[in-house]
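There are 2 protein chains.
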Amino acid sequence: MRLTAYFMPTLKENPAEAQIVSHRLMLRAGMIRQASAGIYSWLPLGFRVLKRIEQIVREEQDRMGCQEVLMPTIQSADLWKKSGRYDDYGKEMLRILDRHEREMLYGPTNEELITEIFRHSVKSYRELPKLLYHIQWKFRDEVRPRFGIMRGREFLMKDAYSFDLDQEGARRAYNKMFVAYQRTFQRMGLKAIPMAADTGPIGGDLSHEFIILAHTGESAVFCDRDFIEFDALSSDIDYEDAKAVAQVVDHFTSLYARTDEKHDAALFEERVPEARRYVGRGIEVGHIFYFGTKYALPLEALVAKPDGEAVPVHGGSYGIGVSRLVGAIIEASHDDAGIIWPDSVAPFAVGLINLKTNDAATKSKCEEIYGRLRQAGIEVLYDDRDERPGAKFADMDLIGLPWQLVVGPRGIASGLVELKRRATGERLELPLDRALEKIAP
Amino acid sequence: MRLTAYFMPTLKENPAEAQIVSHRLMLRAGMIRQASAGIYSWLPLGFRVLKRIEQIVREEQDRMGCQEVLMPTIQSADLWKKSGRYDDYGKEMLRILDRHEREMLYGPTNEELITEIFRHSVKSYRELPKLLYHIQWKFRDEVRPRFGIMRGREFLMKDAYSFDLDQEGARRAYNKMFVAYQRTFQRMGLKAIPMAADTGPIGGDLSHEFIILAHTGESAVFCDRDFIEFDALSSDIDYEDAKAVAQVVDHFTSLYARTDEKHDAALFEERVPEARRYVGRGIEVGHIFYFGTKYALPLEALVAKPDGEAVPVHGGSYGIGVSRLVGAIIEASHDDAGIIWPDSVAPFAVGLINLKTNDAATKSKCEEIYGRLRQAGIEVLYDDRDERPGAKFADMDLIGLPWQLVVGPRGIASGLVELKRRATGERLELPLDRALEKIAP
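Chains as they are written, first to last, in our numbering: chain A, 2 to 442; chain B, 2 to 442.
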């Protein structure tokens, strides 16, 4: 993509309304634009990151055997009255009357609707287990929306739902999702720590939040430092091997890790030696729940056991804040100059900087490199604007592409290009072929 | 995907509420499930088709130089009051009061919001032209929603917006989009005929609807039969060649083609010889508009001309009914037994039918074929259910995958599989390797 054609309205000044770094950088990089309080439009650069994150979430859900559906944003209030949550949600739920004065709502979550879909179609233990998910916009009418898309009113969430015959089966689904979440966040370059959590309005008695450590986080967290150094998951987990999956979960839940909601100071001190006590702040990016028959009972989602008896199905629900992750990754990965995207979610792999657009040789070299990158399937943003080098460097650092390829008259004379790694600041002068190898090994 | 694990709740009986064939078949094939009046959930099979269609739309928008953004579903009423459309839309617009009693609405279209985004960022002719699109759920509170997702209340639409300095530039954008639409529908196996159209609440003075001929369509159409036989577009159009693009548009608008709204019986008879007059029905799948400065004037979207004078930008908008296309394709492509998916949008390329699940040799052969298809990157739905062959054939015809691979004891003895092409009913007995070649040439 040529920057002269690209719609990327960067800002030079820090916007006054932005209190946290991700909000500030997303506005400055031209990733988002506020549409109304707590509601944002995603501009091309931000949209690309959102899609990258969504795709990683999707691939890991598919891999663990979860099937994608898509439920609507607008739901009837009827099911929510049956489950008893129509009143529980209070003013955070956006309530709507349609033209026939029917009570509708903008879904903040989908336990009721997916249970209704399940109940109409699945009648026997033979059809279990079932795991379904969707990635859909949700609405939560926050009284004071803030922090940009981190605490907006309209947000993109992946929510998955499991259906099993009994608690043991539900626990297997819970464990698989737990491991899938670890893999998902790991692929985004994040260390997400699973912490025992309250269940809130979803209900149930088993729940973990996945928390990224960041000093701008909304929750105080207390955990064993061993967690911060924990090993990456091996990439070849067999989800059908319930024992292996359970071992991963046991490993990651064996150490102390809690947010302030669940923190127990005495237990913390008892279980974690002083040198390993980490106290800081964190951002919630995922939350999983086992809630048993909480929804199956009132909504009458029954399945026949092998002996013919009809019993309520056991359920769990599993959320990932897809749009929130865009901000969370920035909170975890930036410096004074701007964003530092992990390769897996970067909007483009490389920024190509033409240092002297009015020099024919430089222009022709840049066009050649631009063509070669595109041919190699490497996504490139080409700064072909007639701007000072300083402004180009600043914008490229701001938007945080993993690699920068800098081409100017001096390099052309010596047959070299300059390659900069955004994360480390490391610069290399090297022949073009070697640079391309480094970008796409 | 194994059918025993897949969530595809097919129905044996025709649902009473479905009046048209696409609605009937989508319910029977387990593609959708009604959530409330005119609002549907997409189950795994339907979701796959929706995503295929969305991806074709996206690729053709990207190819013509349109950049993807994502605007929210919920908008503030303020901009709509400025443009004057808050009253125009009447009860079809879903109006919402948030917790602070602010007037919001569920966007039925996005001319106001995109103009506001543009106005904040683009100030000079040097930054033009700009072409932006998004693919987002819309809401239209139909008084009597019907025909399933063909005339639902919550629907997925691609809407694009062009910004140019003057009418001539806007016409170039209009022409490019016209050609992109032809390519888009062609890739889905559809013949969409562009017809001169009224502009309705979008406004403006130049507009075409893209109409698929289907006898269940909502519009009466009158056109030259030459259109029905028209040549496919060549695939290598250069969108930067404005003259070549205009020639394609001229070609496709040279023949008579109008819906009842714009039909002129006298002109029809004058311009089209009797033998070439086609009178039938059609389904609208796309609609493009040039509306000049209709939104730029009230919303003050001004750009500086080369001489410094600030003038309102010229705009157009361009819609494709993404979810509606799922139904439109079925209306155009089915038989008594069920859906016939064009290859490009099919949820799976091939259905693999095990005729005798309790026979070890048949099972092992099917597993081998299933593995080979997946390894070759061919998407396969494997009917491994313990069901009668008749039920399996009926379900496979119903869901309309382009190819069926039938494996039973008799074929294994002779070293052959049976390959059926859904569209033609043609059956071939041939060695497995040859069958795989036919499926993925």
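Glycine included, each C-beta is placed from N, C-alpha and C at the ideal position.
Grab me the residues of residue i's own chain with a C-beta within less than 7 Å of its C-beta, minus the 5 sequence neighbours each way, in chain order.
| i | result |
| --- | --- |
| E155(A) | I40, W138, F140 |
| K357(A) | T363, G409, P410 |
Within a Cβ cutoff of 6 Å, which residues of the same chain sit near residue i, ignoring the five residues on either side of it in sequence?
| i | result |
| --- | --- |
| F8(B) | P45 |
| Q62(B) | Y134 |
| A247(A) | N176 |
| Y162(B) | I115, L133, S318 |
| M196(A) | E210, I212, A258, R259, T260 |
| C67(B) | L132, Y134, A161 |
| C367(B) | N355, V408 |
| F253(A) | P195 |
Taking the DSSP output, what are the residues bridged to residue i?
| i | result |
| --- | --- |
| E155(A) | F140(A) |
| S37(A) | I40(A) |
| N122(B) | In the sequence under discussion, the amino acid at residue 122(B) is Ser, which differs from the Asn named in the question. DSSP lists no partner for S122(B). |
| R147(B) | R152(B) |
| N355(B) | V408(B) |
| Q76(A) | L106(A) |
| H315(A) | D165(A) |
| M196(A) | E210(A) |
| T260(A) | V222(A) |
| E69(A) | Y134(A) |
| R282(B) | A221(B) |
| Y419(A) | Inspection of the sequence shows that residue 419(A) is occupied by Glu rather than by Tyr. Paired residue(s): V407(A), E430(A). |
| L382(A) | G352(A) |
| R96(B) | L106(B) |
Report yes if the CB atom of residue i is closer than 8 Å to the CB atom of residue j, and no otherwise.
| i | j | result |
| --- | --- | --- |
| L157(A) | V323(A) | yes |
| L106(A) | R96(A) | yes |
| I331(B) | G283(B) | no |
| R127(A) | Q20(A) | no |
| V312(A) | K124(A) | no |
| T185(A) | A221(A) | no |
| I440(A) | I379(A) | yes |
| A346(A) | I54(A) | For the record, residue 346(A) in the displayed sequence is Val; it is not Ala. It is a contact, given that the beta carbons lie within the stated cut-off. |
| K159(B) | I57(B) | no |
| G352(B) | D384(B) | yes |
| P130(A) | F164(A) | yes |
| H288(A) | A198(A) | yes |
| R173(A) | A243(A) | yes |
| T217(A) | V418(A) | no |
| E112(A) | Y296(A) | yes |
| R422(B) | D398(B) | no |
I'd like the list of long-range same chain contacts for residue i, defined as Cβ closer than 8 Å, with 5 residues on each side in sequence excluded.
| i | result |
| --- | --- |
| L51(B) | W43, L157, V323, S324, V327 |
| R277(A) | D225, R226, D227 |
| G416(B) | P432 |
| A350(A) | D344, I379, E380, V381, L402, P403, W404, I440, A441 |
| G153(A) | G39, I40, Y41, E143, P146, S324 |
| V286(B) | F186, L191, A193, F211, I212, I213, I321, G322, R325, L326, A329 |
| I238(A) | V180, R184, A245, V246, V249 |
| P307(A) | Y126 |
| L12(A) | L28, R29, G31 |
For residue i, count neighbouring C-beta atoms within 10 Å of its own C-beta (all shown protein chains included) and say buried if the count is 16 or more, exposed if not.
| i | result |
| --- | --- |
| Q405(B) | buried |
| A426(B) | For the record, residue 426(B) in the displayed sequence is Gly; it is not Ala. By the 10 Å Cβ count, G426(B) comes out exposed. |
| D387(B) | exposed |
| T5(A) | exposed |
| A436(A) | buried |
| A267(A) | exposed |
| K92(A) | exposed |
| V70(A) | buried |
| E301(B) | exposed |
| V280(B) | exposed |
| E117(B) | buried |
| R272(A) | exposed |
| L298(B) | exposed |
Cβ contact check for the segment 332 to 344 of chain B and the segment 24 to 38 of chain B: 3 or more pairs under 8 Å: Yes, the segment 332 to 344 of chain B touches the segment 24 to 38 of chain B.
Do the segment 30 to 38 of chain A and the segment 88 to 102 of chain A touch if we need at least three Cβ pairs shorter than 8 Å? The way I'd put it, the segment 30 to 38 of chain A doesn't touch the segment 88 to 102 of chain A; fewer than three beta-carbon pairs between them come closer than 8 Å.
Would you check if there are 3 or more beta carbon pairs closer than 8 Å linking the segment 68 to 87 of chain B to the segment 107 to 114 of chain B? Two segments are said to touch when three or more pairs of C-beta atoms, one from each, lie closer than 8 Å; by this definition the segment 68 to 87 of chain B touches the segment 107 to 114 of chain B.
Within 8 Å, do at least three Cβ pairs link the segment 358 to 376 of chain A to the segment 390 to 409 of chain A? Contact between the segment 390 to 409 of chain A and the segment 358 to 376 of chain A is present: 3 or more CB-CB pairs across the two stretches fall below 8 Å.
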